[in-house]
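Below is one structure; the comments refer to it alone.
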Amino acid sequence: MSMSHLVLQERPEGEITETTFKKVSESLPETLKKGQVLVKVTYVSVDPAMRGSLEDVRSYLPPIPIGGSMWAAGLGEVIKSENADFPVGEIVRGNYGFADHFLSQDGSDLEKLSFKDVDIPQYLALFGITGLTAYIGLMKLIDPQPGQTIVVSGAAGAVGSIVCQIAKLKGARVVGIAGTPEKVRWLLNDLKVDAALNYKSPDYEKEFVEATKDLIDGYFDNVGGKTLDLALQQVKPHARFAICGSISGYNGKVEPLYNYMNIVKFSLKIEGFIILEHQADFPKAVSDLSTWLKEGKIISRVDIIDGKVEELPRALAGLFKGTNTGKRIVKLKV
Numbered sequence: 001m002s003m004s005h006l007v008l009q010e011r012p013e014g015e016i017t018e019t020t021f022k023k024v025s026e027s028l029p030e031t032l033k034k035g036q037v038l039v040k041v042t043y044v045s046v047d048p049a050m051r052g053s054l055e056d057v058r059s060y061l062p063p064i065p066i067g068g069s070m071w072a073a074g075l076g077e078v079i080k081s082e083n084a085d086f087p088v089g090e091i092v093r094g095n096y097g098f099a100d101h102f103l104s105q106d107g108s109d110l111e112k113l114s115f116k117d118v119d120i121p122q123y124l125a126l127f128g129i130t131g132l133t134a135y136i137g138l139m140k141l142i143d144p145q146p147g148q149t150i151v152v153s154g155a156a157g158a159v160g161s162i163v164c165q166i167a168k169l170k171g172a173r174v175v176g177i178a179g180t181p182e183k184v185r186w187l188l189n190d191l192k193v194d195a196a197l198n199y200k201s202p203d204y205e206k207e208f209v210e211a212t213k214d215l216i217d218g219y220f221d222n223v224g225g226k227t228l229d230l231a232l233q234q235v236k237p238h239a240r241f242a243i244c245g246s247i248s249g250y251n252g253k254v255e256p257l258y259n260y261m262n263i264v265k266f267s268l269k270i271e272g273f274i275i276l277e278h279q280a281d282f283p284k285a286v287s288d289l290s291t292w293l294k295e296g297k298i299i300s301r302v303d304i305i306d307g308k309v310e311e312l313p314r315a316l317a318g319l320f321k322g323t324n325t326g327k328r329i330v331k332l333k334v
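Read in order, the letters of the sequence shown correspond to residues 1 to 334 in the UniProt record's numbering.
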């Protein structure tokens, strides 16, 4: 049998295509050295931030070199082990990349699962970077209070859908922005947001102004572009903005900000954040998220696609076309 992974073949100009990555295969090891663990990858997370790593530009993570492997959180089952800490059959989480198998040299890059009564894919969703980003970005940077108006862009996505629910739990009035009528209905009916808008509506700007006529206390931004500019237009003094991403511009289409000076006029606090810089807050976040999930106070929707490792780029590209609702995860077929 063989093990396969994808490497970067060329840097995309705009959208990710079938030539962005190429598959590399090698034989599975027949025997392992002392300490080694062989994992069969079963689930792979795809995230918008991956797009930035394909660019040869300075960022919080170094760019992936041509011929290098994409980073990706994954879940898998130990199928061979020479490490007593990781017996065969153990389910483990790690940075496996776009791969169907992963060989750990000593187990230090593997993590056992904390909660045994949780659906396994949630370790890449609510209890992964997705849930942590939503919790910490909202709670630390915006700090929603009862009665305040919080606007969330990308509200039907992995991070945004969790942000909406936490803000509601904190007593805020929540306005969610999404890109299809189905997502708008999901936000209203399932997540119970107070207002939901379709940014593709011909009357979107008018609808945004109406939904925020009492002005915005906090804005959680996943998309940038026109929605960010509208949020800047509709702010209260001292409003707080958490800048998580700019998915509208990840493929090279950057829109201008016309209301930039409102940052000065209304003494806004606008802060970008990298979740890896907040690891001290992870235990509190996981504790609260797990409690809310068990109590039925939040839901975490997982958008699972079945496919082989070579189909991972297509799943990633779909994020920028809005084809997912909730957290997109690929269940690998080997």
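All residues carry an ideal CB built from backbone N, CA and C; glycine is no exception.
What whole-angstrom Cβ distance do residue i and residue j have, given they're in contact under 8 Å?
i, j, result
"S161", "G326", "6 Å"
"E112", "V92", "Just to set this straight, residue 112 is Lys in the shown sequence, not Glu. That belief holds up - the Cβ atoms of K112 and V92 are roughly 6 Å apart, short of 8 Å."
"I329", "P121", "5 Å"
"A172", "I150", "5 Å"
"V41", "Y123", "Contact flag wrong, Cβ pair sits at about 13 Å."
"G218", "R240", "5 Å"
"D306", "K333", "6 Å"
With respect to the alpha helix (DSSP H) encompassing residue i, which residues constitute its N-terminal and C-terminal limits?
i, result
"K180", "Here residue 180 is Thr; the residue named in the question, Lys, does not match the sequence. Premise fails: T180 is in no alpha helix (DSSP H) and is neither H nor E."
"A196", "No alpha helix (DSSP H) contains A196, which is instead part of the beta strand (DSSP E) from 195 to 198."
"L169", "158 to 169"
"S267", "Per DSSP, S267 belongs to no alpha helix (DSSP H) and is neither H nor E."
"A231", "225 to 233"
"I136", "129 to 136"
"G67", "Run containing G67: none; DSSP gives neither H nor E here."
"E207", "204 to 211"
"L289", "282 to 294"
"S53", "50 to 53"
Let's test the definition: count the other Cβ atoms within 10 Å of the Cβ of residue i and tell me whether it reaches 16, buried, or not, exposed.
i, result
"I177", "buried"
"K192", "exposed"
"Q148", "buried"
"H238", "exposed"
"K183", "buried"
"A125", "buried"
"V254", "exposed"
"L28", "exposed"
"V264", "exposed"
"S185", "Checking the sequence, you will find Arg at residue 185 rather than Ser. Exposed."
"V209", "exposed"
"L276", "exposed"
"A84", "exposed"
"L132", "buried"
"N324", "buried"
"Y260", "exposed"
"S81", "buried"
"M50", "buried"
"V235", "buried"
"A280", "exposed"
"L169", "exposed"
"S246", "buried"
Going by DSSP, name the residue or residues bridged to residue i.
i, result
"L6", "K23"
"D303", "R328"
"F241", "Y219, I270"
"V41", "G76"
"L316", "Per DSSP, none; premise fails for L316."
"R173", "T149"
"L103", "L38"
According to the Cβ coordinates, are residue i and residue j closer than 9 Å?
i, j, result
"K33", "S4", "no"
"residue 404", "L228", "Given a span of 1 to 334 for the chain in the structure shown, any question on residue 404 remains unanswerable."
"E13", "I66", "no"
"D143", "Q36", "no"
"A196", "V163", "no"
"I243", "F273", "yes"
"T130", "A158", "yes"
"S114", "G74", "no"
"F102", "L8", "no"
"E18", "P202", "no"
Indicate, with yes or no, if the ligand GDP has a heavy atom lying under 8 Å from the CB of residue i.
i, result
"T180", "The ligand GDP is not part of this structure, which contains no ligands at all."
Would residue i count as contacting chain B if we go by Cβ distances under 9 Å?
i, result
"G68", "Of the protein chains in the structure, only one exists, and it is not chain B."
In the DSSP assignment, find the unbroken beta strand (DSSP E) run with residue i in it and report its ends.
i, result
"D217", "216 to 221"
"V152", "149 to 152"
"G94", "91 to 95"
"F98", "Careful: F98 lies outside any beta strand (DSSP E) and carries neither H nor E."
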